[in-house]
Amino acid sequence: MSLLEVRDVTKVFGTLTALGGASMTVADNEFHGLIGPNGSGKSTMLKCIAGAEIPTSGSVVLSGKDITGATPPERSRAGMSLKFQITAVLPQLSVYDNLLLAVQAHQPMLGLLLSRSRRALDEKVMDLLGQFRLADRRDDIAGTLSHGQQQWLEIAMALSREPKLLLLDEPTAGMSPQERRVTGDLIAPIKTRCSLLIVEHDLDFIKDICDSLTVLDQGRIVATGPTAQVQKDERVKEAHLSHG
Amino acid sequence: MSQVSNSGPLRRVLPVVEIALLVLALPLPWILDDFWVVFATKMIILALLAISFDLVWGYAGIMSFGQALFFGVAGYTAALLATKSEVTSIFILLPLSGLVGLVLAFVVAAIVIFGKRIPSVVFVALGTMTGSYAVERLARGWSWVGGQNGISSLPRLTAGTYEIEEGIVFFYMALAILVVIYLAVRFLVRSQFGLVLAGIRQQEGRLGFFGYQVQSYKGVVFSLAGLIAGVSGGLFAFHEGFVGPGQLGPVLSTQAVLYVLFGGVGTLIGAVLGVSVIEMISYALPQIDTLGSAVQEFLETGWPIVLGLLLLATVMFRPTGLIGLVVGDRERIGTFGRRMRGADAKREAP
């Protein structure tokens, strides 16, 4: 059984059909890339999966449970985690506190009121900071981090809740080539921990880390399957070259 | 959103200001004459109302223009119980005032805050203001609660057989309540729960994706702030010996906003400072003879205009308020993780 099943999802904004009956699946511990030219519907697809948008029709199923109308907190509890395209770290809080906020999300409210888990969660926060090369910036205000570091912090925050499925929307957007390389190195080891659905514009980045790809163009699925196979698909080449 | 800088070590000024204000307040009844002791007690009670607003706006980002609703309804409830049922025990009336504020705030939260989607700041502000206005109008027209005249000549609060008069005893009682509530709120906003509030304030839409039920957190904070406003309203009614429709409406609600914005939002002590300075200026300015009779006459009636301009100037030129003159952004926003030095020492030990 697939971890994530997107079944015939359509999303209409006014007169614009951003997604027209798109279907795809992501298996357990699979790294799945979602690619396509600008305006192809990649981010809309990701938002429909994450709950930021509700599909006009169709369904989203996670671990066999229909979550199409679920709120973001319900999806989070079901095992889904998201990093938006635009960085949304809490710019006035320290790097450490940003991560603590994400790590403690499923603690009971009364426990948070009494700060019961602050000490216990420290190790997890520090481990994640180390893993994402932010340990030496932990006391700094998150808003002062470089763009790339803010993206890494967000990925760490999304991963901190040990999701079954991690959704990343263009994690390398605006990064230097060096930062893109580091991002690839940081993402690769999480394969043993969860499945990944990554939206990317940069095919060179995504083909190195993904097991399979889905290609969208004008709101429709052009191809889906193993990375090597999809890369050779003529329709994919055409979609990328003609719009890209 | 303003950028907070990393520059320099984190200075801890807030505790110094807090202790300094407490040390200043403690000997006041022994220094001041009776009039000023009563005046200072009123400021302490209003400081509780200001703290309730600071908690919702300064920490949870909920723009409530209706804090007076909880203040006034609690005051009316306690006053009615005292006048109609002759209940005067502080051990009944004060907890009851808090409970009324808590329950009423929860009901208001159920209308304007709870729901699947996040309500806008404007919706909440207008919703709370409308509630405050509607209840004020209701009180003005309802003779059972005294109509326009309110309820006057309230009996004194009692503790056993002892009657608590306004003056030294009331001052220290109010101060003790303020200190206890201040410390409780301070503990809350610096806890892991406070970190969630900081997150809501900065990126409310983002927190749902972490798994937080944002509306639940806001509802809890709003209700707790209602409790504090209720305690304040109960104390105020018995201190003044009177409760009236003005204690329910948007004017007092806006005054609470002004206290906090002027003193410094999101610091708690800024709310106390704001009440102290504004109430002192409100009283003292029209008394200054050198201003001339025309100016004095204008200030007596037109003081709200001056307050409005003050609010405008604060928002435009000093959004961090008076406290922002001595407290940096980093300290104002706070840190929530465990102390790093201890953690480092433990981590780096062989």
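Quick mapping for you: the protein sequence lines, in order, are chains A and B.
Sequential numbering of the first sequence, starting at 476, is according to the working numbering.
Sequential numbering of the second sequence, starting at 2, is according to the working numbering.
Virtual Cβ for every residue (Gly too), placed ideally from N, Cα, C.
In the displayed model, residue 608 (chain A) falls within coil according to three-state DSSP, outside both helix and strand.
With respect to the 8 Å criterion, residue 650 (chain A) and residue 626 (chain A) are classified as neighbours on the basis of their beta carbons. A buried status is given to residue 183 (chain B), since no fewer than 16 other beta-carbon atoms sit within 10 Å of its beta-carbon. Judged by DSSP secondary structure, residue 163 (chain B) falls within the beta strand (DSSP E) whose first and last residues are 163-165. Proximity of residue 531 (chain A) to chain B, defined by a Cβ-Cβ separation below 8 Å, is not satisfied.
Relative to the Cα of residue 17 (chain B), the nearest Cα in the group B:324, B:330, B:331, B:336 belongs to B:324.
The alpha-carbon separation between residue 567 (chain A) and residue 331 (chain B) amounts to approximately 8 Å. The beta carbons of residue 230 (chain B) and residue 80 (chain B) sit no closer together than 8 Å. For residue 480 (chain A), the pairing in a beta bridge is given by DSSP as A:500, A:536.
In this structure, residue 76 (chain B) places its C-beta atom within 8 Å of the C-beta atom of residue 235 (chain B). Just so you know, the alpha carbons of residue 155 (chain B) and residue 127 (chain B) end up roughly 33 Å apart. A direct Cα-to-Cα measurement between residue 514 (chain A) and residue 562 (chain A) gives close to 20 Å. Assigned with DSSP and collapsed to three states, residue 529 (chain A) falls in coil, not helix or strand. The beta carbon of residue 276 (chain B) sits closer than 6 Å to the beta carbons of 44, 47, 48, 51, 260 from its chain, once the five residues preceding and following it are set aside; these are given in chain order. For residue 277 (chain B), the nearest beta carbon of chain A is not closer than 8 Å to its own beta carbon. Interface flag for residue 300 (chain B) against chain A is unset, since no Cβ pair is found closer than 8 Å. The count of Cβ pairs closer than 8 Å, one atom from the stretch 545-557 of chain A and one from the stretch 520-534 of chain A, reaches three, so the stretches are in contact. Contact of residue 588 (chain A) with chain B by beta-carbon distance below 7 Å involves 189, 192, 194.
Among the residues facing chain A, residue 213 (chain B) is included, as its CB has a counterpart in that chain under 8 Å away. The C-beta of residue 336 (chain B) comes closer than 8 Å to at least one C-beta of chain A. Judged by their CB atoms, residue 54 (chain B) and residue 257 (chain B) are nearer to each other than the 8 Å cut-off. For residue 671 (chain A), not one C-beta of chain B is nearer than 8 Å to its own C-beta.
The beta carbon of residue 581 (chain A) sits closer than 8 Å to some beta carbon of chain B. From the beta-carbon of residue 636 (chain A), the residues of chain B found nearer than 8 Å are 211, 212. Ranked by how close their Cα comes to the Cα of residue 477 (chain A), the residues A:510, A:503, A:493, A:593 have A:503 in first place.
In the DSSP secondary-structure assignment, residue 507 (chain A) is bridged to A:672, A:687. Where residue 315 (chain B) is concerned, the enclosing alpha helix (DSSP H) starts and stops at 294-318. According to the DSSP assignment, residue 576 (chain A) belongs to no beta strand (DSSP E) but to the alpha helix (DSSP H) extending over 570-578. A:569 is the residue among A:544, A:487, A:557, A:569 whose C-alpha sits nearest the C-alpha of residue 203 (chain B). With a cutoff of 8 Å on beta-carbon distance, residue 574 (chain A) and residue 603 (chain A) are scored as near each other. Between the alpha carbons of residue 92 (chain B) and residue 181 (chain B) lies a gap of roughly 16 Å. In the three-state DSSP reduction, residue 152 (chain B) falls in the strand class (E or B). Around the C-beta of residue 518 (chain A), 16 or more other C-beta atoms lie within 10 Å, and the residue is accordingly described as buried.
The residues 228, 231, in chain order, have a CB closer than 8 Å to that of residue 100 (chain B) in the same chain once the five nearest residues on each side in sequence are set aside.
By the C-beta density criterion, residue 636 (chain A) is buried, having at least 16 other C-beta atoms within 10 angstroms.
Distance between residue 173 (chain B) and residue 206 (chain B), taken at the CA atoms: about 43 Å.
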